[in-house]
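In my numbering, the protein residues as written are 171 to 687.
By construction, the Cβ of each residue, glycine as well, lies at the ideal position given by its N, Cα and C atoms.
Here the structure comes first, spelled out in structure tokens, and everything after it is commentary.
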């Protein structure tokens with residue numbers, strides 16, 4: 171899924187509202203004369219627009235405008251809906267999916283998109299070093315061994331039947347497979363990186379802005395309203411706020427002074443399918459001992475630690491429908507912490523570990539709370555920092571034992587979280603490998619419905635019982651957009667807003683901006 175960049179929380183009273191939209195067509199009628207260049211602002215510097223290697227929310231948002239795969243998400247229901255796929259069928263044993271492509275679908279250069287292009291795109295993903303989402307395809311027969319260099323391409327269960335038809339054989343039934351295919355990493359790409367399969371094409375990429383233009387060769391071009399989109403890259407809160415209030419920015423994703431927004435109704439703070447947490451990289455003694463990690467968790471005063479969390483949590487996964495409630499992390503209990511430390515073989519011993527964080531006041535405050543808590547059980551926490559834009563790439567080589575992370579699932583399924591700790595997963599940055607945990611996931615893959623969710627909940631509780639993560643909060647998305655005159659944009663827990671559906675219904679009338687700025 172999607173890594174969320176940590177933004178600065180604004181100290182005002184916030185009411186979190188989760189909106190449930192009525193079912194309606196996203197293909198609303200738009201007036202062509204009302205459309206113009208649409209402006210989005212983000213603080214994300216140098217976004218990666220390669221669908222195989224990108225991981226941040228902002229990157230994925232742009233990529234979903236440039237590329238498309240077999241499926242995409244309905245922006246209201248978050249159900250997988252056909253994109254370049256016309257139809258599909260599932261075999262009786264529910265292991266083989268056969269997809270038929272739409273007629274007359276083309277890349278932006280006019281060349282036809284065929285089933286072979288779909289396969290080539292997926293194989294390229296599997297062959298890309300450090301592609302974060304490649305392991306989501308490990309449910310495909312032979313895919314895991316192929317991407318690890320253990321199996322030839324011919325033995326991967328992806329077969330082109332004809333120009334329009336491709337079949338995929340899975341190792342086990344996977345009812346969430348279409349949701350995986352909605353992920354940007356599984357989009358159809360071209361050998362030429364300047365050729366696109368989505369509703370827009372990239373026209374300009376500079377340090378200060380990115381410009382997209384409507385793709386006239388896109389199969390659904392008639393339903394794409396915006397002629398162009400400009401993504402402003404700015405970390406200047408005051409300027410961004412002024413530009414939004416004066417209509418120069420249509421949609422701001424971060425870095426605004428929230429109490430200066432002239433129309434508060436345009437502020438959307440939505441609980442996401444995401445979690446902020448610390449995780450252990452338990453590769454060395456003594457921190458490879460789960461009892462010692464659990465001692466640390468038992469020593470955390472959770473109310474104080476999560477005092478500034480907007481959506482407090484004691485678990486890892488944001489519950490989906492029918493997902494069982496789990497126990498979560500242990501309660502604050504210093505006596506239990508000392509006892510666990512004793513059982514781990516470190517009674518009366520002073521220990522130390524390194525906490526690696528991004529250089530922000532928010533992360534530092536959380537780390538200091540852990541430092542104070544663990545000092546009470548004779549464990550010294552050494553805090554090290556690096557700039558936010560270098561943090562994620564620093565994790566693999568950083569000789570530290572605990573890191574901070576923020577994760578938003580790319581699809582609404584517990585696997586979108588649990589995949590982060592599966593032993594052979596390309597998303598596993600902790601290096602933790604546990605046979606029992608992997609077995610839970612393997613067993614769940616052979617089940618369906620409530621039985622599957624029950625097994626996945628057991629995997630989550632096992633992960634927590636091993637003391638692998640310290641939950642901070644479920645994530646909250648921040649968007650400022652006036653949906654009174656901008657349509658096709660909907661709140662949802664994935665913070666997923668397909669650019670192809672956005673259109674301008676009418677021109678905005680601006681209030682007096684002098685007094686507020």
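Would you tell me roughly how many angstroms separate the C-alpha atoms of residue 357 and residue 552, rounded to the nearest one?
As a first step, residue 357 is located in the chain shown; it is residue number 187 there, counting from the start. As a first step, residue 552 is located in the chain shown; it is residue number 382 there, counting from the start. Taking the straight line joining both Cα atoms gives about 42 Å.
When DSSP labels each residue in this structure, what does residue 338 get in the three-state scheme?
Against the chain shown, residue 338 aligns to sequence position 168. Note: residue 338 maps to strand in three-state DSSP.
Within the continuous alpha helix (DSSP H) that includes residue 632, where are the two ends?
In the chain shown, the residue the question calls residue 632 occupies position 462. Annotation for residue 632: the continuous alpha helix (DSSP H) segment containing it runs 619 to 635.
Measuring straight from C-alpha to C-alpha, what distance separates residue 370 and residue 643?
The count along the chain shown starts at 1 and reaches residue 370 at position 200. The count along the chain shown starts at 1 and reaches residue 643 at position 473. If I take the Cα positions, the gap works out to 35 Å.
According to the neighbour-count rule (16 or more other Cβ atoms, all chains shown, within 10 Å of its Cβ), is residue 308 buried or exposed?
The sequence position of residue 308 within the chain shown is 138, counting from 1. The residue in question, residue 308, is buried, as its Cβ has 16 or more Cβ neighbours within 10 Å.
Please go through the same chain and pick out, in chain order, the residues whose beta-carbon is closer than 7 Å to the beta-carbon of residue 436, but skip the five residues on each side of it.
Counted from its first residue, the chain shown places residue 436 at position 266. Contacts found: 650, 651, 652.
Kindly indicate which three-state DSSP category residue 406 falls into: helix, strand or coil?
Residue mapping note: residue 406 aligns to position 236 of the chain shown, counting from 1. The answer is coil: DSSP assigns residue 406 none of H, G, I, E or B.
Taking the DSSP output, what are the residues bridged to residue 282?
Residue 282 sits at position 112 when you count from the first residue of the chain shown. Partner(s): 276.
With C-beta atoms as the reference, is residue 221 less than 9 Å away from residue 295?
The sequence position of residue 221 within the chain shown is 51, counting from 1. The sequence position of residue 295 within the chain shown is 125, counting from 1. Yes; because the gap between Cβ atoms is below 9 Å, this pair is in contact.
Give the single residue among 540, 609, 443, 523 whose Cα lies nearest to the Cα of residue 661.
Taking the first residue of the chain shown as position 1, residue 661 is located at position 491. The residue with the shortest Cα to Cα distance from residue 661 is 443.
For the stretch 284 to 303 against the stretch 595 to 605, do three or more pairs of beta-carbon atoms, one drawn from each stretch, fall closer than 8 Å, so that the two count as touching?
Touching, yes, given that three or more Cβ pairs across the two stretches are closer than 8 Å.
What number of angstroms, rounded off, separates the C-alpha of residue 671 from the C-alpha of residue 395?
As a position in the chain shown, residue 671 is number 501, starting the count at 1. As a position in the chain shown, residue 395 is number 225, starting the count at 1. Whole-angstrom Cα-Cα distance: 7 Å.
Along the chain, where does the beta strand (DSSP E) containing residue 256 start, and where does it finish?
Taking the first residue of the chain shown as position 1, residue 256 is located at position 86. Under the DSSP assignment, residue 256 falls in the beta strand (DSSP E) whose first and last residues are 255 to 260.
Residue 469 vs residue 421 beta-carbon contact at 9 Å:
For the purposes of this step, residue 469 is identified with residue 299 of the chain shown, where counting begins at 1. For the purposes of this step, residue 421 is identified with residue 251 of the chain shown, where counting begins at 1. Result no, Cβ atoms of residue 469 and residue 421 do not sit closer than 9 Å.
Tell me residue 123's beta-bridge partners as DSSP assigns them.
Beyond the ends of the chain as shown, which are 171 and 687, falls residue 123; an answer cannot be given.
Burial state of residue 215, where buried means 16 or more other Cβ atoms lie within 10 Å
For the purposes of this step, residue 215 is taken as the residue at position 45 of the chain shown. Residue 215 should be labelled exposed.
Residue span of the alpha helix (DSSP H) that contains residue 585, given as start and end:
Position 415 of the chain shown, counted from the start, is the residue given in the question as residue 585. It spans 585 to 588 - the alpha helix (DSSP H) in which residue 585 sits, taken as one unbroken run.
Per-residue burial, residue 245 [other beta carbons within 10 Å of its own, 16 or more giving buried]
Working through the chain shown from its first residue, we reach residue 245 at position 75. By the 10 Å Cβ count, residue 245 comes out buried.
Residue burial classification, residue 449 (beta-carbon count within 10 angstroms, cutoff 16)
Walking along the chain shown from the start, residue 449 turns up at place 279. Per the 10 Å Cβ criterion, buried.
Keeping to the same chain, check which residues put their C-beta closer than 6 Å to that of residue 626; ignore five residues upstream and five downstream.
As a working mapping, residue 626 is identified with position 456 in the chain shown. Around residue 626, the same chain offers 584, 614 as residues with beta carbons nearer than 6 Å, after the five sequence neighbours per side are excluded.
Alpha-carbon spacing of residue 539 relative to residue 663, whole angstroms:
On the chain shown, position 369 is the one that residue 539 refers to. On the chain shown, position 493 is the one that residue 663 refers to. Approximately 29 Å between the Cα atoms of the pair.
According to DSSP, what are the bridge partners of residue 438?
Here the question's residue 438 lines up with position 268 in the chain shown. DSSP output for residue 438 lists 649 as bridge partner(s).
Taking only three categories from DSSP, how would you classify residue 311?
As a first step, residue 311 must be located in the chain shown, where it is residue number 141. In the structure shown, residue 311 sits in coil (DSSP, three-state: anything other than H, G, I, E or B).
Could you please give the first and the last residue of the uninterrupted alpha helix (DSSP H) stretch that includes residue 607?
In the chain shown, counting from the first residue as 1, residue 607 sits at position 437. First-last of the alpha helix (DSSP H) with residue 607: 605 to 614.
Would you mind working out which of 581, 280, 482, 284 sits nearest residue 269, comparing C-alpha positions?
Counting from one through the chain shown, the residue named residue 269 turns up at place 99. Looking at the Cα atoms, 284 is the closest of the given residues.
Determine which residues share a DSSP beta bridge with residue 444 and list them.
Against the chain shown, residue 444 aligns to sequence position 274. According to DSSP, residue 444 bridges with 578.
If distances are taken between C-alpha atoms only, which option among 434, 432, 414 comes closest to residue 425?
Looking up residue 425 in the chain shown gives position 255. Among 434, 432, 414, the Cα nearest to that of residue 425 belongs to 414.
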